[in-house]
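Chemist: Here the sequence shown is numbered in the working numbering, starting from 3 and rising by one per residue.
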Amino acid sequence: MSRTVLGLLAGLLLLATLIINLPARLLTHILPPQQWVLHGLRGTLWHGEASRCLVRLDRGLVHLGSVSWSLRPLSLLSLSPTLEVQSHWGTQRLSARVTLHGEQDLDVSDLEATVPAELAQQLLPVALGGTVLAQVAELQLRDGLPQEARGRLVWQGASWHSVGGVLPLGDYAADFRQEPGQALHADLLTLAGSVEVSGAVRLEQRHYEVDARVAGAGVQDRELQQALSLVATPEDGAFRVRLEGEI
Numbered sequence: 003m004s005r006t007v008l009g010l011l012a013g014l015l016l017l018a019t020l021i022i023n024l025p026a027r028l029l030t031h032i033l034p035p036q037q038w039v040l041h042g043l044r045g046t047l048w049h050g051e052a053s054r055c056l057v058r059l060d061r062g063l064v065h066l067g068s069v070s071w072s073l074r075p076l077s078l079l080s081l082s083p084t085l086e087v088q089s090h091w092g093t094q095r096l097s098a099r100v101t102l103h104g105e106q107d108l109d110v111s112d113l114e115a116t117v118p119a120e121l122a123q124q125l126l127p128v129a130l131g132g133t134v135l136a137q138v139a140e141l142q143l144r145d146g147l148p149q150e151a152r153g154r155l156v157w158q159g160a161s162w163h164s165v166g167g168v169l170p171l172g173d174y175a176a177d178f179r180q181e182p183g184q185a186l187h188a189d190l191l192t193l194a195g196s197v198e199v200s201g202a203v204r205l206e207q208r209h210y211e212v213d214a215r216v217a218g219a220g221v222q223d224r225e226l227q228q229a230l231s232l233v234a235t236p237e238d239g240a241f242r243v244r245l246e247g248e249i
């Protein structure tokens, strides 16, 4: 075998070794730095972990805690990195397959998450309790908005923290779906509890509509009635919530 061939093989072996051992810190050059904050990176680009990860949203930072990932090498050829991701922070857990197409364009599949309902305070000026479970088979975001989706959200042990104390509400589910080119639609269901919720949510581009009925023995609580009166109207011993606006 000639020296040229041996030199070529040695060069290819060295290149392969360098690629396999690319450090995890290179991920900061792949993910949009305006949106992702990573600390304590260890391992390689292909299989690594961060001791602390934060995602920057319009209303602030969301903590994911420690994160580990596995990056599919061939996905880099299409400039759309695909990662298997797991994270945990206290009682918060998340696992998913994520494909990044741009700063606000991504595909999520096989997502399973457990998060405390208290995180809703970043979006709503109300103190809530319980645990939210998410099972998302698929979710496509383009320009930060859903284009295709299918999954379920379950709010277990839901409670409302009023001035008089913690009021148990119940267990609720939202089954959502969206076909390409159509609006996202979610059905609201009550699984158990003294406060019964039924209705639907519709999201088309940035416009949302909520039409829900809140009933049951739990709505007899005076403080809850006062709170509901700010967003709902009385209807045959229950309350009707009709909201619409832009996100």
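Heads up, the beta-carbon is just placed ideally off N, CA and C, and yes, glycines get one too. It should be emphasised that the depicted structure is a prediction, and the values quoted were computed from it without experimental measurement.
1. E150 to G183, Cα distance in whole Å?
2. Let me confirm a value: S89 is counted as buried when at least 16 other C-beta atoms fall within 10 Å, else exposed. Which label applies?
3. Please state whether the Cβ-Cβ distance between L191 and A175 is less than 8 Å.
4. Going by the DSSP bridge assignment, what does G201 pair with across the sheet?
5. Is it buried or exposed, L81, if we count other Cβ atoms within 10 angstroms and call 16 or more buried?
6. Assign L121 to one of two classes, buried (16 or more other C-beta atoms within 10 Å of its C-beta) or exposed (fewer than that).
7. Taking only runs of the beta strand (DSSP E) that begin and end inside the segment 53 to 83, which ones reach a length of at least 3 residues, in chain order?
8. Taking its Cβ as the centre, do 16 or more other Cβ atoms sit within 10 Å of Q36, making it buried, or is it exposed?
9. State yes or no: is the C-beta of G146 within less than 8 Å of the C-beta of A160?
10. Out of curiosity, what's the CA-to-CA distance linking A229 and I32?
11. Should L24 and T46 be called a contact, given that it needs their Cβ atoms to be closer than 8 Å?
12. So what does DSSP say about H31, is it helix, strand or coil?
Modeler: Working from what's here:
1. Between E150 and G183, the C-alpha separation is close to 8 Å.
2. Burial check for S89: the Cβ neighbour count within 10 Å reaches 16 or more, so the residue is buried.
3. Judged by their CB atoms, L191 and A175 are nearer to each other than the 8 Å cut-off.
4. Paired residue(s): L190, A214.
5. That one is exposed.
6. Around the Cβ of L121, a 10 Å sphere holds fewer than 16 other Cβ atoms; the residue is exposed.
7. The segment 53 to 83 is shown to contain whole beta strand (DSSP E) runs of 3 or more residues at 62 to 73, in chain order.
8. Per the 10 Å Cβ criterion, exposed.
9. Against a cut-off of 8 Å, the Cβ pair of A160 and G146 comes out as no contact.
10. Each residue's Cα considered, the two are about 45 Å apart.
11. In this structure, L24 lies near T46, with their beta-carbon atoms less than 8 Å apart.
12. It is helical.
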